[in-house]
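See structure below.
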């Protein structure tokens with residue numbers, strides 16, 4: 037008779053209690069993965085077992101709850117597949133699920149132990165490097181492209197550069213077989229004034245009903261009370277000459293100001309003036325577009341002058357929808373900038389009966405100071421700047437292993453690669469079956485406190501039962517010794 041089985045049970049139960057206690061102790065540790073003990077029986081040559089042994093201690097890599105923190109550098113892996121790759125100053129590599137990060141004095145992204153988070157620098161890089169927070173200003177970008185989608189009011193009045201004289205209306209009125217020709221003017225309210233061919237006022241036609249071309253019209257007091265005139269010459273009021281001038285609002289129909297930027301980041305006001313002209317054909321409408329930068333005219337089309345824009349009878353743009361605007365010296369004498377060449381795009385601009393509704397974009401910007409960062413679900417590290425711009429500086433890399441339980445725990449809530457784990461597979465979050473990230477959040481421990489407390493009670497009972505086995509064997513041994 038031996039005490040081996042009971043002792044093995046005590047040892048195994050004690051290790052189980054150690055594992056359970058460790059789980060409970062780390063129930064608030066960020067990224068901690070709970071462990072469990074796997075037991076195996078022990079046999080020698082006889083059929084009677086030799087007791088129990090701890091076959092393995094396995095970690096459960098199930099996902100813990102995601103908790104928001106508000107810290108821009110905190111990261112949570114939102115799925116079971118994925119580990120952060122860390123490297124210390126000696127080049128030693130480890131892996132963790134703890135996404136509590138901060139910036140060190142050299143602006144590297146590190147954990148509380150100073151280990152640096154690694155990832156990819158640039159959009160298409162596959163080289164793992166230590167990730168660093170950008171510092172300083174984002175360089176300015178000169179405007180290269182602008183886009184304008186708007187509606188030009190089809191009912192806007194035509195503006196003439198040279199002006200035009202008044203054209204008197206002319207109409208033939210027939211009554212009782214007698215036809216008389218009259219001239220007339222039309223007021224802004226639609227009232228008629230009757231004139232002779234020279235424009236002098238004359239008495240109105242007598243009241244009555246007349247035949248006017250193909251129409252019948254009734255006049256009273258010189259005004260139409262029913263029907264309509266069918267003139268042989270339509271009345272056209274005189275048009276005042278309105279040469280274009282930015283200082284004369286009556287010389288343009290619409291205007292639009294937008295800021296563009298030169299190579300030094302200086303903002304310049306580019307103004308477009310839209311002037312409605314008389315179309316060259318009966319089915320086309322024509323507009324002239326003048327360009328001014330900082331109050332100075334820009335000769336945008338080759339040879340100078342305004343850009344002509346034409347629209348068909350259903351409001352579609354029929355002329356070219358793009359134009360290159362060049363300013364050779366957009367800066368100042370003290371700080372000369374590169375020539376500014378801007379592609380103006382009017383795709384989508386229409387001419388309908390409606391308001392002028394400009395919607396424009398441009399791709400330049402001034403310099404801006406670093407103003408924090410964010411990390412997106414695909415691991416993109418996005419730097420934000422005070423000028424409203426943002427840039428993707430790199431990507432957080434995640435690692436996965438064929439056998440996560442083959443990883444070697446090294447403390448500090450980290451693991452190292454072993455032969456049993458297999459080599460790591462790296463990638464951006466959301467690729468290669470890897471989980472995605474949640475920024476400003478961490479993954480809580482996956483310890484289930486209720487289950488652990490129940491497991492502790494069971495382990496305690498097992499320990500007590502094995503102790504009772506030893507006690508019983510001791511009593512039997514004492515009985516044997518007492519035999520005479």
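Numbering (our numbering), first residue to last: 37 to 520. Using N, Cα and C, we set each Cβ at its ideal position, and we do this for glycine too.
{"Check": "Rank 101, 78, 84 and 430 by C-alpha distance to the C-alpha of residue 91 and give the top, closest one.", "Outcome": "78"}
{"Check": "Mark residue 541 as exposed unless 16 or more other C-beta atoms lie within 10 angstroms of its C-beta, in which case mark it buried.", "Outcome": "The structure shown does not extend to residue 541, since the chain spans only 37 to 520, so no value can be given for it."}
{"Check": "With distances taken between CB atoms, is the gap from residue 40 to residue 502 smaller than 8 Å?", "Outcome": "no"}
{"Check": "Write down every uninterrupted run of the beta strand (DSSP E) in the stretch 248-300 whose length is 3 residues or greater and which is fully enclosed by it, in chain order.", "Outcome": "251-256, 259-263 and 290-297"}
{"Check": "Check each candidate in 107, 435 and 181 and name the one with the smallest Cα separation from residue 164.", "Outcome": "435"}
{"Check": "Can you list, in chain order, the residues of its chain with a C-beta nearer than 6 Å to that of residue 457? Leave out the 5 residues immediately preceding and following it.", "Outcome": "437, 439, 442 and 443"}
{"Check": "Comparing C-alpha positions only, which one of 492, 121, 342 and 125 sits nearest to residue 131?", "Outcome": "121"}
{"Check": "Pick from 406, 135 and 447: whose alpha carbon is nearest that of residue 474?", "Outcome": "135"}
{"Check": "Is residue 303 helix, strand or coil by DSSP?", "Outcome": "strand"}
{"Check": "Do residue 409 and residue 104 come within 8 Å of each other at the CB atom, strictly closer than that value?", "Outcome": "no"}
{"Check": "Based on Cα-Cα distance, which residue from 417, 397, 479 and 347 lies nearest to residue 190?", "Outcome": "347"}
{"Check": "Express the C-alpha separation of residue 84 and residue 71 in angstroms, rounding to a whole number.", "Outcome": "31 Å"}
{"Check": "Please classify residue 322: does DSSP put it in a helix, a strand, or coil?", "Outcome": "strand"}
{"Check": "Could you check what DSSP says for residue 474 in three-state terms: helix, strand or coil?", "Outcome": "strand"}
{"Check": "Which of helix, strand or coil does DSSP assign to residue 169?", "Outcome": "coil"}
{"Check": "With a threshold of 16 other CB atoms inside 10 Å of the CB of residue 272, please say whether the residue is buried or exposed.", "Outcome": "exposed"}
{"Check": "Out of curiosity, what's the CA-to-CA distance linking residue 125 and residue 168?", "Outcome": "14 Å"}
{"Check": "Starting from the C-beta of residue 278, find all residues in its chain whose C-beta is less than 8 Å away, skip the five residues before and the five after it, and write them out in chain order.", "Outcome": "195, 196, 197, 199, 284, 286 and 287"}
{"Check": "Check the C-beta distance from residue 402 over to residue 297 and give it rounded, since I have them as a contact under 8 Å.", "Outcome": "6 Å"}
{"Check": "Check whether the stretch 345-364 and the stretch 316-333 touch, using three or more Cβ-Cβ pairs below 8 Å as the test.", "Outcome": "yes"}
{"Check": "Residue 406 to residue 176, Cα distance in whole Å?", "Outcome": "13 Å"}
{"Check": "Could you please give the first and the last residue of the uninterrupted alpha helix (DSSP H) stretch that includes residue 435?", "Outcome": "Premise fails: residue 435 lies in the beta strand (DSSP E), 434-436, not in any alpha helix (DSSP H)."}
{"Check": "Straight-line CA distance for residue 239 to residue 389?", "Outcome": "39 Å"}
{"Check": "Are the CB atoms of residue 478 and residue 66 within a distance shorter than 8 Å?", "Outcome": "yes"}
{"Check": "Exposed or buried, residue 385, counting other C-beta atoms within 10 Å across all chains shown (16 or more means buried)?", "Outcome": "buried"}
{"Check": "Starting from the Cα of residue 259, find the closest Cα among 246, 250 and 268 and give me that residue.", "Outcome": "246"}
{"Check": "How is residue 236 classed by DSSP in three states: helix, strand or coil?", "Outcome": "coil"}
{"Check": "For the alpha helix (DSSP H) holding residue 490, just list the boundary residues, first then last.", "Outcome": "485-518"}
{"Check": "So which of 304, 488 and 100 has the shortest CA-CA distance to residue 68?", "Outcome": "100"}
{"Check": "Can you check whether the CB of residue 424 is closer than 8 Å to the CB of residue 178?", "Outcome": "no"}
{"Check": "Given that a residue counts as buried once 16 or more other Cβ atoms are within 10 Å of its Cβ, and exposed if not, what is residue 512?", "Outcome": "exposed"}
{"Check": "Quick check: the Cα distance between residue 236 and residue 244, rounded to an integer number of angstroms?", "Outcome": "23 Å"}
{"Check": "Would you mind stating whether residue 187 and residue 392 have Cβ atoms separated by less than 8 Å?", "Outcome": "yes"}
{"Check": "Can you check which of these residues, 193, 303 and 261, is closest to residue 274 by C-alpha distance?", "Outcome": "193"}
{"Check": "One question on the structure: do residue 488 and residue 94 come within less than 8 Å of each other, judged by their Cβ atoms?", "Outcome": "no"}
{"Check": "To the nearest angstrom, how far is it from the Cα of residue 37 to the Cα of residue 152?", "Outcome": "Note on residue 37: pLDDT 48, under 50, position unreliable in the model; the coordinate value appears next. Taking the straight line from one Cα to the other gives about 58 Å."}
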